[in-house]
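Using our numbering, the first residue of the sequence shown is number 8, and each one after it goes up by one.
Glycine included, every Cβ here is placed at the ideal spot set by N, Cα and C.
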Amino acid sequence: MSRYWSELVAGLEPYVPGEQPQDTSFIKLNTNESPYPPSPAVAEIVHGFAADELRRYPDPESRELVAALADYHGVDRDEVFVGNGSDEVLAHAFLGLLQKPAPIRFPDISYSFYPVYCALYRIAFEAIALDSRLRVDVDAFCEPCGGVVLPNPNAPTGIALGLDALRRLLAAQRDVAVIVDEAYVDFGADSAVGLIGEFDNLLVVRTFSKSRSLAGLRLGYALGQAQLIEGLQRVKNSFNSYPIDRIACAAGVAAIGDEAYFRACRERIVASRERLAGELARLGFEVCPSHANFLFARHASAAAGEIYTGLRSAGILVRHFDQPRIDDYLRISIGSDADCDALIAVLEKILS
Ligand SMILES: *Cc1c(COP(=O)(O)O)cnc(C)c1O
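See the structure below:
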């Protein structure tokens, strides 16, 4: 605390990301990173990058990357916004689209960055309770409000909504923006991208961090009708003209171009997820039906905090949220099959 801080900063409770230990010997199943490297096409860009190019600022509009994403998703170029990680894209969307007189809505158990952006931009919100099985009750999000943010699949539960439910929500909220955060959609949920033409209030937010194994590159994007995208650009151009550096732009284009590799990684992770879910059930865990690259599970008798600590001392990191309603759950990122096997072996010891 310093007397030089603004009142706003003094009152913030910043987001705390999952641990990134310097000690690389941990099996990291705590931040939903990919266990697989990015596409070899990305490695080629990074290794071959001419450092001399870094003398110059990058293209402020990242046109090459925007064009690659527009072609990939079958939308127009003015329907794509790119940012330095989807966290930045979300932050711009909160400021640009959700700072309204009426409180916005998001689930009470959801991505914990949302309330942090609300505090930063002084946006009032109502956290809408998930039902007893931790599912999103879409009807509760259809009531009049200042806007909606919904991860699909939700985090940290991994549970996905179908497109019918999203369509109902979008139709009920015609007058305000609805942001669908699709950080995990590639692992098996239905994307709302196909609804963009039908709904001018829909903004879909995506990231390269999970399904494209590029958390370290910091690339995210949003898709929506041109007027929503222009709102984000107005925020971006009032904040940082060059959020995407030259290396990230070129590597992002290369990643989007390697569809075969992307699909292969995704399929491996989905297969490992299904296998791990079965093993956890065998060990007495109740596992939420996941469409993401993580599982959210609680044990019938053992306390989550103790399992977390036991795993940690055996060199395995998972995430435990010490927060009401979910403090008996663990969120476990899907690693390689070897990582999953190591996890199961340690759990068998802890639980016996
Ligand atoms: C990981 C995650 C993000 C942020 O991803 P970055 O692109 O790495 O900033 C956004 N939303 C949800 C729900 C996430 O889990």
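Item                                                                                                                                                             : Value
What are the start and end residues of the beta strand (DSSP E) that includes Ala134?                                                                            : 132-135
How should Leu19 be labelled, buried or exposed, when 16 other C-beta atoms within 10 angstroms of its C-beta is the threshold for buried?                       : exposed
Spatial neighbours of Leu141 within its chain, please: C-beta separation below 7 Å, excluding the five flanking residues on both sides.                          : Ile116, Thr164, Ile166, Cys295
Do Gly231 and Gly103 have their CB atoms nearer than 8 Å?                                                                                                        : no
Output the boundary residues of the alpha helix (DSSP H) element that contains Pro114.                                                                           : Here Pro114 belongs to no alpha helix (DSSP H); instead the beta strand (DSSP E) covers 111-114.
Which two residues bound the contiguous alpha helix (DSSP H) that contains Arg273?                                                                               : 266-289
Throw me the rounded Cβ distance for the Ala100 and Leu210 pair, which I believe falls under 8 Å.                                                                : 6 Å
Do you know offhand how far Arg62's Cα is from Ala136's?                                                                                                         : 50 Å
Would you call the region 192-205 and the region 54-73 touching, i.e. three or more CB-CB distances under 8 Å?                                                   : no
Could you pull the start and end residues of the beta strand (DSSP E) that Thr316 belongs to?                                                                    : Here Thr316 belongs to no beta strand (DSSP E); instead the alpha helix (DSSP H) covers 311-320.
Helix or strand or just coil, what does DSSP make of Tyr336?                                                                                                     : strand
Can you give me the start and stop residues for the beta strand (DSSP E) that Val211 sits inside?                                                                : 209-214
Can you name the start and end residues of the alpha helix (DSSP H) that Arg174 belongs to?                                                                      : 170-179
Can you tell which of Ala304, Ile333, Leu287 has its C-alpha closest to the C-alpha of Ala349?                                                                   : Leu287
Here's a check: name, in chain order, each residue in its chain whose Cβ is nearer than 6 Å to the Cβ of Ala126, leaving out the five neighbours to either side. : Leu19
Hey, Ile203 and Gly154: beta-carbon distance below 8 Å or not?                                                                                                   : no
Cβ of Tyr228 within 8 Å of Cβ of Ser46?                                                                                                                          : no
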